[in-house]
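Asks: Have a look at the structure that comes next, please.
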Amino acid sequence: MAKDDDFTTISRRRLLKTGAGLAAAAAGETLFAAKAMAAAGPPEVKGAKLGFIALTDAAPLIVAKELGLFAKYGMPDVTLAKQASWGATRDNLVLGGGGGGIDGAHLLTPMAYFLTLGVQAKATPMSILARLNVNGQAISVDKAYMAAKADLNAAKMKGVIAQKKAGGKKITMAMTFPGGTHDLWIRYWLAAGGIDPDKDIDLITVPPPQMVANMKADTMDAFCVGEPWNAQLVDQKLGYTAVSTGQMWMNHPEKSFSMRSDWVAAHPNAAIAITAAIIEAQKWADNPANISRLAMMISGRDYLKVPVGDIASRLQGNFDFGDGRTQGNAPYKMKFFANNASFPFKSHDMWFLTEEQRWGKLPMNLNKGAAIAKVNRADIWRAAAAKVGGVPVPPSDSRGVEKFFDGKTFDPGHPEAYLKSLAIKRV
Numbered sequence: 546m547a548k549d550d551d552f553t554t555i556s557r558r559r560l561l562k563t564g565a566g567l568a569a570a571a572a573g574e575t576l577f578a579a580k581a582m583a584a585a586g587p588p589e590v591k592g593a594k595l596g597f598i599a600l601t602d603a604a605p606l607i608v609a610k611e612l613g614l615f616a617k618y619g620m621p622d623v624t625l626a627k628q629a630s631w632g633a634t635r636d637n638l639v640l641g642g643g644g645g646g647i648d649g650a651h652l653l654t655p656m657a658y659f660l661t662l663g664v665q666a667k668a669t670p671m672s673i674l675a676r677l678n679v680n681g682q683a684i685s686v687d688k689a690y691m692a693a694k695a696d697l698n699a700a701k702m703k704g705v706i707a708q709k710k711a712g713g714k715k716i717t718m719a720m721t722f723p724g725g726t727h728d729l730w731i732r733y734w735l736a737a738g739g740i741d742p743d744k745d746i747d748l749i750t751v752p753p754p755q756m757v758a759n760m761k762a763d764t765m766d767a768f769c770v771g772e773p774w775n776a777q778l779v780d781q782k783l784g785y786t787a788v789s790t791g792q793m794w795m796n797h798p799e800k801s802f803s804m805r806s807d808w809v810a811a812h813p814n815a816a817i818a819i820t821a822a823i824i825e826a827q828k829w830a831d832n833p834a835n836i837s838r839l840a841m842m843i844s845g846r847d848y849l850k851v852p853v854g855d856i857a858s859r860l861q862g863n864f865d866f867g868d869g870r871t872q873g874n875a876p877y878k879m880k881f882f883a884n885n886a887s888f889p890f891k892s893h894d895m896w897f898l899t900e901e902q903r904w905g906k907l908p909m910n911l912n913k914g915a916a917i918a919k920v921n922r923a924d925i926w927r928a929a930a931a932k933v934g935g936v937p938v939p940p941s942d943s944r945g946v947e948k949f950f951d952g953k954t955f956d957p958g959h960p961e962a963y964l965k966s967l968a969i970k971r972v
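Residue numbering for the sequence shown follows the working numbering, starting at 546 and increasing by one per position.
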C-alpha cells in the first residue's frame, strides 16, 4: 500500500512540450479520424494482448473472448492478461505488447490521460476507444462504524473522524489508484459532506482484489472500489455499503477500453474490429436474460475468482447494503450498453480532467480540449458501431450538463464555473 501523496507533477518544460504535442495532435486528428472511418479492409493483424483487473466491469472484454466475438470480427488471437493492480496495468501498457507488456486494457478512464501526458509514467500516448460501463462502484465502511449510518451524506462520518483524531489517529480510507475514478468518487463524496480528503483522513492505495482482505485485517476503515468487492464485504459480514456511486451521479462514466495510440495507428482496422467485438459483448452483457450466465462466466479462476453470488445480485440491480437497507431493480446498477453506456462522451473526459485539476493532480494550464481531442477516439467507436449494426449512436460527443447528488452541475462548455463552485479543492 502507498500513501496518496506521491503523484508526480508535470514540470514546466514537460508541460510546454506536451502542450505543443497535444496541439499538433489535435490539428491532425481530422485526417486520422477520416482514415479510421474509411478503413474497410480486414484487420491488419489477428491478435492483441489486452489487460484487465478482477472487477465486474471488465466483463465486456471477458465476454468478447468467451463468446468468440473477437474471432467473429477477425481477431481470433486476442488474449486477455489479468493484472495485479492498476500500477501494473500502467507499467505493462508502457512496455507494450512487443516489449512483454500489453497493447490495451480495461482501464480507469483518467489513466489514459496520465499515460499520454507522462504523469506518473513514461509518456505513452493512449487512445480511448469505448467506455466499458456506467455506475457500479461503491464506497464501503467497516462494520465497526455501523452506528455512523454512513450513506449519501458523508458528514455522518464526521463524528467518527473526530473521535479518531482525538485519539491521535486518522480514519484510513482506501481507493485503487491516485487520481483514478475510485479516488475521485471517494473524494467527491467526502468533500460534499464537508470532509477534506487530504487533511481529515489518510487516503491510501490498495489494488481492487485486496480490498476485502485489508478490511478484514483491520488496516483500513473504508474503501471505494468497483464491484464485486463491495458486495463481497457485505456477504462476508465485514462491513456495509454507504453508497453506490450511481446514487451520487446517475449513469456516471467509469472504465474505458483503451489501447496504445501507436498500436491503433499501425492497425486501424484491427482497432475497429476489437472495439466492435467489445460493443457487441456489452450489448449481450446488458441483456437481463444473460446475467446469470455472465456472472458464472466472469467468476472463474481465470477472471474474478469469487463466488457467483458476489457478482450476480448487484448486476441484477438487487442491493443489500449490509446495514438494513435494501433495494431491488436499482436504477443505479452497473450498465454496459443501456443509456449509451458504451459511447466515450468527450464531455465526460472533460469532467475527469477538471476533477484532476481540482485535486492538484493535473496543472491548471493544461489544454484539456487538446488532450481530449488526442486521446478520445469516438470516431473509432462510431466506425465499430456501424460494423456491429443496430447500435444507437449519440448525435453529439457531449452528453450535456451533468447533475450530481449534492446539487452541483457540470457544464462541459464551462468547466471553470464548476470548479469555482466547489468549496473543498486544492486550487
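Backbone N, C-alpha and C define an ideal beta-carbon position, used for all residues, glycine too.
Distance, Cα to Cα, I706 vs G867?
Replies: Their Cα atoms are separated by approximately 21 Å.
Asks: Label K548 either buried or exposed according to how many other C-beta atoms from any shown protein chain fall within 10 Å of its C-beta, with 16 as the threshold for buried.
Replies: Residue placement at K548 cannot be trusted, given a pLDDT of 37 that sits under 50; the coordinates are not used to answer.
Asks: Write down the C-beta distance between D831 and F890 rounded to the nearest angstrom, noting that I regard them as a contact closer than 8 Å.
Replies: Actually they do not touch by this definition, with Cβ atoms about 17 Å apart.
Asks: Three or more beta-carbon pairs under 8 Å between the region 683 to 698 and the region 768 to 786, yes or no?
Replies: yes
Asks: Tell me whether G642 sits in a helix, a strand or coil according to DSSP, three-state version.
Replies: helix
Asks: Look up D687 in the DSSP assignment and say whether it is helix, strand or coil.
Replies: strand
Asks: Kindly indicate which residue of L640, A693 and L677 has the alpha-carbon position closest to the one of T669.
Replies: L640
Asks: Distance check for D745 and A711, CA to CA, integer angstroms please.
Replies: 12 Å
Asks: Going straight from the alpha carbon of L964 to that of V664, what length do you get?
Replies: 22 Å
Asks: Who are the Cβ neighbours of A816 in its own chain at under 7 Å, not counting the five residues just before and after it?
Replies: L674, M804, V809 and I925
Asks: Rank S966, M842 and R635 by C-alpha distance to the C-alpha of A603 and give the top, closest one.
Replies: Shortest Cα-Cα distance from A603 to any of S966, M842 and R635 involves M842.
Asks: How long is the line joining the alpha carbons of T954 and M793, rounded to whole angstroms?
Replies: For the pair T954 and M793, the Cα-to-Cα distance works out to about 12 Å.
Asks: Thinking S941 and P957 are a contact (beta carbons under 8 Å), I'd like their distance in whole angstroms, please.
Replies: Not confirmed; about 10 Å, so no contact.
Asks: What do you get for A840, buried or exposed, if any count of 16 or more other CB atoms within 10 angstroms of its CB means buried?
Replies: buried
Asks: When you compare the CB positions of K948 and N678, do they come within less than 9 Å of one another, or not?
Replies: no
Asks: So, at 6 Å on beta carbons, what are the nonlocal neighbours of A719 in its own chain, with the 5 sequence-adjacent residues on each side left out?
Replies: I749, V751, M765 and F768
Asks: Out of F897, R846 and T871, which one is the CA nearest neighbour of I607?
Replies: R846
Asks: Measuring only the C-alpha atoms, how far is Y733 from M795?
Replies: 14 Å
Asks: Taking the alpha carbon of K800 as the point to measure from, which residue in A666, K610 and D894 has its own alpha carbon closest?
Replies: Ranking the options by Cα distance to K800, first place goes to D894.
Asks: Go to G802, then tell me how far its beta strand (DSSP E) extends in each direction, as first and last residue.
Replies: Strictly speaking, residue 802 in this sequence is Phe, with Gly absent from that position. That run of the beta strand (DSSP E) goes K800 to R805.
Asks: Would D622 be called buried (16 or more neighbouring beta carbons within 10 Å of its own) or exposed?
Replies: It is exposed - the Cβ of D622 has fewer than 16 other Cβ atoms within 10 Å.
Asks: Can you tell me which of K610, K627 and A626 puts its alpha carbon nearest to the alpha carbon of G619?
Replies: K610
Asks: Should M909 be labelled buried (16 or more other beta-carbon atoms within 10 Å of its own) or exposed?
Replies: exposed
Asks: On the criterion of 16 or more Cβ atoms from any shown chain inside 10 Å, does H959 qualify as buried, or is it exposed?
Replies: Exposed, since its Cβ has fewer than 16 Cβ neighbours within 10 Å.
Asks: Would N680 and G791 qualify as a contact pair, given that the criterion is a beta-carbon distance under 9 Å?
Replies: yes
Asks: Keeping to the same chain, check which residues put their C-beta closer than 7 Å to that of N874; ignore five residues upstream and five downstream.
Replies: G862
Asks: Please list, in chain order, all residues of the same chain as G784 whose beta carbon is under 7 Å from its beta carbon, the five residues on each side excluded.
Replies: S685, V686, D687, K688, M760, L778 and G867
Asks: Measuring CB to CB, does K715 end up less than 9 Å from G738?
Replies: no
Asks: Look at the alpha carbon of A657 and the alpha carbon of V938, and state the distance between them as a whole number of angstroms.
Replies: 23 Å
Asks: Cα separation between T661 and Q708?
Replies: 42 Å
Asks: Considering only C-alpha positions, which residue in the set S806, G905, E772 and F802 is nearest to K878?
Replies: E772
Asks: So who's on the other strand from N921, going by DSSP bridges?
Replies: I673
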